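Written below as structure tokens is the structure these notes are about.
Residue numbers (the working numbering), protein chains in the order written: chain U, 1 to 364; chain D, 1001 to 1312; chain E, 2001 to 2259; chain L, 3001 to 3904.
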């Protein structure tokens, strides 16, 4: 069971830092401070509003009173989920997750289909000595654009001499987004299912591909005793200790976009950059809004599955314009959701979005 | 069992094309073909059946499944029970077929899209066409079937003579259900999920000024214009026209995508369309992986050419 | 108004690649997840909305194996008062057999109802007949493809049926009656896991199917399962612009969307 | 109460401590006041104005500070803090640490010249880092005590052997420090302080400093000479105006315009004396001008240096040959002192048969010809005899003039060659061959022209008096080579015949005998130095000799005794332990190579070979200096050199003393919250985001800009103040209100309005806490003066196109605003002083939940320990008036306590 993260709405002093931090405030009707206020007074909340939250976490990180506004949003959503007041697209994602254990409703039987791209076999984690699990995550198991990521990371880890296995069809959605959508019951089921699988196969260590999985496994699965890392942490270390050396050259100007769940929320800023700077001829640029103040791409908090009714300039587009201004040729990131949201506007501007593992695989 | 009885699919005075499928399977079944239609000015080729039974009743009465029992009883009374009772797999056909099967205790096989004459088995879709079942009625009694539109048209055999005409004079009208009126669907804005043919445009249209000319093409082709997110985001088309996870999920018969590269969210909203045709100048565009037909070309040129040919 | 709604647990095959086993005798569903039939979901939602508005109770009934309890819990979570399971081990492919069993059950158990809702069809077999046959054998008025219930009065309802090409017909139907509910009639509410867990506390009655099979024999049989004819990837149209556009219009014509 | 023997310790010299201390002293108590830093004044002295009257903070506080200094019953110990406290009866024994300030307070006159010369630039704590200070400094002009102190934070990891090795004691660590931190002009001026020829030494010095550089023990020695060259290259000497010196009217003469003579002339001129230099050759510069080839020392560079000397007023008269146009007696008669530095201009003959043949020439003459502009090739096959720098210069020059083959013939081996190693290296690179262990014995000629050279093989025998092994001819090993030119560069001799009339004492080889400590000859008023004394030697030695003579001459002109220079220290090497200690601490880094003209290009002309460093390379190379690895004083000795009263004492040690007190008043003050962790505000990453106290310094008349609000060289127009940064903040562990920020922000806003009329001012607040008399009114008038108060704290500050973008919800309208400004000022909250933990531990004091010293609610200066009282922010946030009140309260409570002690 997930330990209930108690929010502290009553301690809110209405300083407004949350709204000022929020990537959705101003351009959408979403005002997180106001929602907290309404929660304080138990006032009626417009049903459409809580769904704008991208769960980037900036409000919670910056709240001086530890009110945890992003958790307040989850609480509001939970209530709405229980009442069934939930956008249809999200409803579909939840129902799909219920049936197929992934929000896209893709066949669970094809959860390991990404391996077809590999020229080597990855054993089931139970067959490994290290009991080190590569946790693939739904989007990377199914989306054709993202399926290359597990394949690339597998190649890189193998090159670095690391043993690992997968759960294959036994893996269920990590539930990070499900919890953020407010479906706590479903989240618990996923958590139980995954934990049971971890336990059954004696998993000792988990390498995640998506920062979203890492976040939930690390922070919201309770004390599992399992070491959880993002693959960039592992790979950066491999590069540092010489286990792998990027040999090829990548003569491009690359700008790195910090994913919220990797950076802001989990403090992993340097490892992805270390990987990129280890590549010959790669010129690493920085957004003026980077690291802790990186702009959210709006892919989190369920926003991957549905888009709000709003006509405003999307953050992904803002991001791409910023990248173009810095004369970047490639936008690198370390999160599949960021890849998906950034790619569309990037293509329009003639820029390329690459997950870090894609760049590394190219030069390995 | 010497004949096949077809219940005609009619609506608002029109003898629909779908009847050709009923006539087609009847030809395959190889027995005399009887066609039951309401009396009225229906345009049809009367050489397709051996006999046409004209029911002297209003079309609405004919289409009410509760009345179908009485009509059929009168046919059976005159000719005995048919070998097969054929309906179109349409809104009314399927309704009346089921009701009739229940009423007379006939076996029923619906949505038939094939018939193996040798083995006498009907092919019926299962699991959204992922599997087909070969079905056969138990026993030798009459069997109700509904046929899938477009499945048997080619098998229609024109008879060498005009069908003989019979009539049913009085139909007992059931009280349980009465027709009130036809309702055109509300047209405040077009519901793209209901359209059979969508012409969908994407980022590839380039700019807003091009939109009217695609609207024009949609008009010419009698398609409904829809769009992918970038087009909606830029307010070139109203939000209600958006196809994709953030817009509507559509399953038209034909989805003609022009200048849409095929973002994942978009694909999710249209992949179940019966027929997807993609036009894009980028041969590598992901949409081609989902399309049934593809054209690699400049979409504006294709647009102009289509208009030109269609108008000619 | 008491509404009896039939709900079925079906294989969620949309994303699956199905395999036929035993030379066409069986379809392998062992690794396929199950879910509630989509049309039934709309039917339950509509029923619940009616009773929420004008009183009465919704009773959900499912024919299937013990696992079908899941769809009953779901229906209860949506607002049904009771859940009844007619437990049977065999898959009933014949709608006539299903309908017969339902008639026997209703009559034998004296299940009270004012209206019976079914989904237009079930996702697996796509017969779309249970409602129609059931109405006929219960001698009740029937309407399928219901996309709107405009009014519910004492003794009758006014409903809208979906026809082709965006056309609808409005009919008056006297109650009791059987209605087959078309998808899109409403937007079914989301049923949260918490909701389902709460629903689990409501008792569901289980009846063994064997007691209701008299006169409900199958009238059709499956001879063999086959795969659909293979479809390739995108067929790329080639040639000059003229040719390609000509072919395109040809396809449109063939698909019946353009004359 | 009468004068008692009561003693009270006051810890902390802020306004609280000052108040308490003065109160106690005025009651006859002896007060010892400990201040941890260099001066009392605390936070208040950093403020520009005080609230709400906008009185000048310095004007209010500095009289009180002076009172502390003048109050005879107060003993002020700066750089001091308590280490341990023991109860002793009703009183306490306190162990006090007095940190060494390395300046003798009794001697220091606060003249400031030490700070002026110090090469170590640090951030001024007083100015909150908005301005610089030096490693030796007085924190601000009103400081009490007003004495310099040295910020010596670590032992210098090397021993500055470079300075000891340099004949003119160049402050090498000092100028390297300047270069490593980008202050190239400062570096140049520091070099110039002891060296009138930086440009020459930056090119041709033999760099004894590098030979002893202790970095060499770790990896490679610093490129000290090349860095000097860099400093020279980055400075435009022509733009340097010579200092205005007080003329003495004393007349001095220098004979010989070589490096020794000119160095002497320069220093004499700097002392204000009239100097006339007599030079026989047409141009000044001596060997620098006539012997060193252009590719090593461009004439233009030398000319700049000499021009500067002329600019100083030195009269250089060229083409004046003593004994022809004038005589030495005449010169001596016209001047009060004469420095003879005529060098060693004469080439030594080889003394073998055939030396008179055409094609056999003297090296010095050859080079002089080239330097005069002759560019004819000396011959096709050239042999250069000798192994010194002159020989090497001759050979490389011959190569450049197009000689097909150039061979250096040397009696010993390469190891014994006196020429600089890198010169020999360059020579080989450029294609000159060295014929070692060979010496010419005879030249053969045809038609009076040399055609062949006969040599004999040598072998090395016993070492001679120079320590080098003596070459011995191997009989019968003669061999002959074809040559058409032989350049002899065996050595040089002085030419002193024109001095004969004076009767100078002469040594062997025609050199003048002097007192090596002073440069004085046997004749009064006549000094000598350079090659004429030593025989041919290095440039820097000549400069040193000139400087030494100038010092002696100056002294003699003033009538002072001529004393020698204090004995030069012998360069020290690192011990093995010292070296081991360094190995872990200092990252190894190779010496940065000096870029050079490629060989194929350079041998075709006389362009300078060494190209000079880029600023980046120079800074990186200079940063290798071990002295620069420590923070604070690098012990370069510059202050010591400048301090006229000898107050500098590097060796001063910390002191620990025990003292007895009857009571203690604690006033350690507070710290300000460091907003770096609030990344969203960009403090430390965005230019223009500063804290309130930093802004206070920028506004202050005693601040780095003298009170003009200037940031990044511009007057900012748009200001954004963010309140409650680190206050009422659970995340940073301080839920309390800091009490002062609302009002100091209002004060800042009104200061800005006062100084920048058209300023736009935004103030983000949660609620404005303006309690008490005059506060609310002040807040109101700030608003009325145009400061826009926005209810809501910004979520983030980011870099916008034309400034900083502040993103904030204006909560009264729920609008999200993005406001572009030039400056964002964070009203950081207060925190308990970082030393308070130690203090409480040693005194067994309780602390409250926030870490302040816990006090009794109704007697707010009483701690849990009898006899220890507290005032000011140490017990919680207070503004200035409250702190003053609490200081008084603490003093009276303490008086009460010690009086009880007396009466009992």
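For glycine and all other residues, C-beta sits at the position ideal for the given N, C-alpha and C.
All figures in this text were calculated on a predicted structure; none of them were measured in a lab.
Item to check | Distance between residue 223 (chain U) and residue 3 (chain U) (C-alpha atoms, nearest Å) | outcome: With a pLDDT of 39 at residue 3 (chain U), under the threshold of 50, the modelled position of that residue is not reliable, and no figure is offered here.
Checklist entry - How far does the alpha helix (DSSP H) with residue 3534 (chain L) in it reach, from first residue to last? => result Where residue 3534 (chain L) is concerned, the enclosing alpha helix (DSSP H) stretches over 3531–3534.
Item to check | Interface positions of the region 83–111 of chain U facing chain E (Cβ-Cβ less than 7 Å), listed along the chain | outcome: Legend: CB atoms of the region 83–111 of chain U lying less than 7 Å from CB atoms of chain E belong to residues 84, 86, 88, 91, 94, 99, 100, 105, 106, 107, 108, 109.
Checklist entry - Any Cβ of chain U within less than 7 Å of the Cβ of residue 2012 (chain E)? => result Interface residue (Cβ-Cβ distance to chain U less than 7 Å): residue 2012 (chain E) is classified as such.
Checklist entry - What do you reckon, are the CB atoms on residue 3543 (chain L) and residue 3528 (chain L) nearer than 7 Å? => result Not in contact: residue 3543 (chain L) and residue 3528 (chain L) (Cβ atoms no closer than 7 Å).
Item to check | Check: residue 20 (chain U) C-beta below 6 Å from any heavy atom of the ligand MG | outcome: Among the components modelled here there is no ligand, and therefore nothing to report on the ligand MG.
Checklist entry - Counting only runs that start and end within the region 3008–3083 of chain L, where is the beta strand (DSSP E) found for 3 or more residues in a row? => result Listed in chain order, they are 3030–3034, 3074–3077.
Item to check | Within 7 Å, strictly: CB atoms of residue 3435 (chain L) and residue 3454 (chain L) | outcome: Using a Cβ distance threshold of 7 Å, residue 3435 (chain L) and residue 3454 (chain L) do not count as a contacting pair.
Checklist entry - residue 97 (chain U): which of E:2115, E:2199, E:2193 sits nearest, CA to CA? => result Nearest to residue 97 (chain U) by C-alpha distance, out of E:2115, E:2199, E:2193, is E:2193.
Checklist entry - Roughly how many angstroms separate the alpha carbons of residue 3302 (chain L) and residue 3291 (chain L), rounded to a whole number? => result Just so you know, the alpha carbons of residue 3302 (chain L) and residue 3291 (chain L) end up roughly 13 Å apart.
Checklist entry - Pick from L:3420, L:3568, L:3815, L:3281: whose alpha carbon is nearest that of residue 3211 (chain L)? => result Considering only alpha carbons, the answer is L:3420.
Item to check | Interface residues of the region 1276–1303 of chain D facing chain U [CB-CB below 8 Å] | outcome: Among the residues of the region 1276–1303 of chain D, those with a Cβ less than 8 Å away from any Cβ of chain U are 1286, 1289, in the order of the chain.
Item to check | residue 64 (chain U): contacting residues in chain L (beta-carbon distance under 7 Å) | outcome: Simply 3728, 3729, 3730, 3731.
Checklist entry - What in chain U is Cβ-close to residue 1203 (chain D), meaning under 9 Å? => result Simply 344, 347, 348.
Item to check | Reference residue 3404 (chain L); option with closest CA among L:3308, L:3484, L:3788 | outcome: Between residue 3404 (chain L) and the set L:3308, L:3484, L:3788, the nearest pair of CA atoms involves L:3484.
Checklist entry - Exposed or buried, what is residue 2995 (chain L) when buried is set at 16 or more other beta-carbons lying within 10 Å of its beta-carbon? => result The shown model of chain L, from 3001 to 3904, leaves out residue 2995 (chain L), and the question about it has no answer.
Checklist entry - Looking at chain U, which residues of the region 3738–3752 of chain L have a Cβ within less than 9 Å of any of its Cβ atoms? => result Going along the region 3738–3752 of chain L in chain order, one finds no residue with a Cβ nearer than 9 Å to chain U.
Next on the checklist: Distance check for residue 35 (chain U) and residue 1091 (chain D), CA to CA, integer angstroms please.
Outcome noted: So the alpha carbons of these two residues sit roughly 48 Å apart.
Next on the checklist: Residues of the region 171–194 of chain U in Cβ contact with chain E at a cutoff of 9 Å, in chain order, please.
Outcome noted: Under the 9 Å Cβ criterion, the region 171–194 of chain U contributes 182, 183, 184, 185, 186, 187, 188, 189.
Checklist entry - residue 2015 (chain E) touches chain U at which residues, Cβ-Cβ below 7 Å? => result What residue 2015 (chain E) touches in chain U: 100, 105, 106, 107.
Next on the checklist: Tell me the DSSP secondary structure of residue 34 (chain U) in three-state form.
Outcome noted: Residue state, collapsed to three classes: helix.
Checklist entry - What's the call for residue 1171 (chain D), buried or exposed, on a 16-neighbour Cβ count within 10 Å? => result So residue 1171 (chain D) counts as buried.
Checklist entry - In chain order, what residues of the region 2157–2178 of chain E put their CB closer than 8 Å to some CB of chain D? => result So the list reads 2158, 2160, 2161, 2162, 2163, 2164, 2165, 2166, 2167, 2168, 2169, 2170, 2171, 2172, 2173, 2174, 2177, given in the order they occur along the chain.
Item to check | Members of the region 20–46 of chain U that neighbour chain D once the beta carbon cut-off is set at 8 Å | outcome: In summary, no residue of the region 20–46 of chain U has a CB separated from any CB of chain D by less than 8 Å.
Checklist entry - Count the other CB atoms within 10 Å of the CB of residue 3146 (chain L); is the residue buried (16 or more) or exposed (fewer)? => result Buried, since its Cβ has 16 or more Cβ neighbours within 10 Å.
Item to check | Alpha carbon of residue 3706 (chain L) to alpha carbon of residue 10 (chain U), nearest angstrom | outcome: Residue 3706 (chain L) and residue 10 (chain U): Cα-Cα distance of roughly 48 Å.
Next on the checklist: So if I threshold CB-CB distances at 8 Å, which residues from the region 135–148 of chain U count as touching chain D?
Outcome noted: Answer set for the region 135–148 of chain U: 143, 144, 145.
Checklist entry - Could you check where the alpha helix (DSSP H) with residue 3357 (chain L) kicks off and where it finishes? => result Membership of residue 3357 (chain L) in any alpha helix (DSSP H) is not indicated, and neither H nor E is assigned to it by DSSP.
Next on the checklist: I want to verify the contact list: residues of chain E whose CB lies under 7 Å from the CB of residue 1330 (chain D), in sequence order.
Outcome noted: Outside the shown range of chain D, which is 1001 to 1312, sits residue 1330 (chain D), and nothing can be said about it.
Next on the checklist: Suppose only complete runs of 3+ residues qualify. What are the beta strand (DSSP E) ranges in the region 2144–2188 of chain E, listed by chain order?
Outcome noted: Qualifying beta strand (DSSP E) stretches, in chain order: 2156–2162, 2167–2174, 2177–2181.
Checklist entry - When the cut-off is 7 Å and only beta carbons count, does residue 1243 (chain D) lie next to chain E? => result It does not; no Cβ of chain E falls within 7 Å.
Next on the checklist: I'd like to know if the region 210–228 of chain U and the region 105–125 of chain U are in contact, where contact means that at least 3 CB-CB pairs between them fall below 8 Å.
Outcome noted: These segments do not touch.
Checklist entry - Beta-carbon separation of residue 102 (chain U) and residue 173 (chain U) under 7 Å? => result Yes. Within cutoff.
Checklist entry - Quick one: Cα of residue 2176 (chain E) to Cα of residue 1069 (chain D), how far? => result Here the alpha carbons of residue 1069 (chain D) and residue 2176 (chain E) stand approximately 19 Å from one another.
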